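Here is the structure we will look at.
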Amino acid sequence: MPRSPTCWRAAPTAPPWPSSPPSWASGPAPSGPRWSPGSDVRVGITLPQFREDAETALATARQAEAARLDGVFVFDHLWPIGRPDRPALHALELLGALAAETRSLTIGSMVARVGVYPDPVLVNGLATVRRVAGDRLIAGLGVGDHLSRAENLAFGVPFASAADRLAALARCCREMRVRGVPTWVGGTSAATRAVALAEADGWNLWGVPPARIADEVAALAREARAVVVTWAGQVRPLDEDLVALLRTLAAAGAAWAVLAPIDAPWPEAVDRIADARRRVLG
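Every number in the numbering used here is 408 more than the matching position in the sequence shown, counting from 1.
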């Protein structure tokens, strides 16, 4: 049976698209815990998608599923950051292929950027993936940053103001949750935190120290905010102590640890991460 991503709060009852949701900066705090501190951290990986062919990514996902990892996640970039000479597999299409190729893995976007497509295209694209994946999909959404600007402009896609991108992020999060799709907001700023608390199920922090995770989990508990905190970041599976990292993130209260392997062959990277997961979680 598919493993549910985690326990999510009830979806909002906003009217369907294109009606606008309430402002993300106002309104009551969400309530109803969806994950409790002390729960086992779930472990996922990002996939090798900066290449011409999809088979390596799909084979890696199948290996991850066989190794009992909890999830696989895809980036949403038009090229690898800083490398416009390299290809990138499209996130929505790759998610669709992953939904068909796997059976129990959680699959997700890390993170799909608002503004690259019109909001309804992004929302309905992810909703279509959910029709194949069922409850295994997590919609990670974000606004991008200054490093994303060049990608947009190179393809003739406007790079909207931060305020406009945040408003679009809030709209898309709410629309995804109306459709029953668990949704994370990615970003480390106060503004993205506010959107996550108002409109999403989870807040993903990329590359922060585990101590930041612990601080945010504690702050959300004090505020009685029912939003899970998840971690993602690059790791070197051949050199780093992945067991120590996962134990530290679990102790900090992270609901997920999404590892992006670098400097290691993909089969070996998956094996190392899966072994660390087994040693931490059994």
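Just so it is clear, CB atoms sit at the ideal spot from N, CA and C, and this is done for glycine as well. Just so we're clear, the structure is a prediction, and the values are computed from it rather than from any experiment.
For this session: Go through the region 588-674 residue by residue and report every complete run of the alpha helix (DSSP H) that reaches 4 residues or more, in order.
Result: 598-607, 618-630 and 650-660
Exercise. Comparing alpha-carbon positions, which option in V522, A571, V531 and P566 lies nearest G552?
Worked result: V522
Exercise. Would you report the Cα separation of R620 and P526, rounded to the nearest angstrom?
Worked result: 33 Å
For this session: Please classify R450: does DSSP put it in a helix, a strand, or coil?
Result: strand
For this session: List in chain order: all unbroken alpha helix (DSSP H) runs of 4+ residues lying wholly within the region 500-580.
Result: 527-541 and 554-562
For this session: Leaving out five residues on either side along the sequence, give the residues of the same chain with a beta carbon under 7 Å from the beta carbon of A546.
Result: At residue 546 the sequence reads Ile, which differs from the Ala that was named. P413, T514, G516, P590 and W592, listed in sequence order.
For this session: Leaving aside the five residues before and after T656 along the sequence, list all residues of the same chain whose C-beta is less than 6 Å from its C-beta, in chain order.
Result: P618
Problem set entry | Nearest to E607 (by Cα), restricted to the options A576, V625, R459 and E624 | A576
For this session: Whole angstroms is fine: what's the gap from P488's alpha carbon to D448's?
Result: 32 Å
For this session: List the endpoints of the continuous beta strand (DSSP E) containing G479.
Result: G479 to V482 is the span of the beta strand (DSSP E), which, as asked, contains G479.
Exercise. Would you call the region 657-669 and the region 632-645 touching, i.e. three or more CB-CB distances under 8 Å?
Worked result: yes
Exercise. With contact counted as at least three CB pairs below 8 Å, one residue from each stretch, are the region 640-648 and the region 492-501 in contact?
Worked result: no
For this session: Kindly indicate the opening and closing residues of the alpha helix (DSSP H) around A474.
Result: Its alpha helix (DSSP H) spans residues E463 to A474.
Exercise. Which class does A433 belong to by DSSP, given the choice of helix, strand or coil?
Worked result: Low confidence applies here, because A433 scores a pLDDT of 31, under 50, leaving its location unreliable and the question unanswered by this model.
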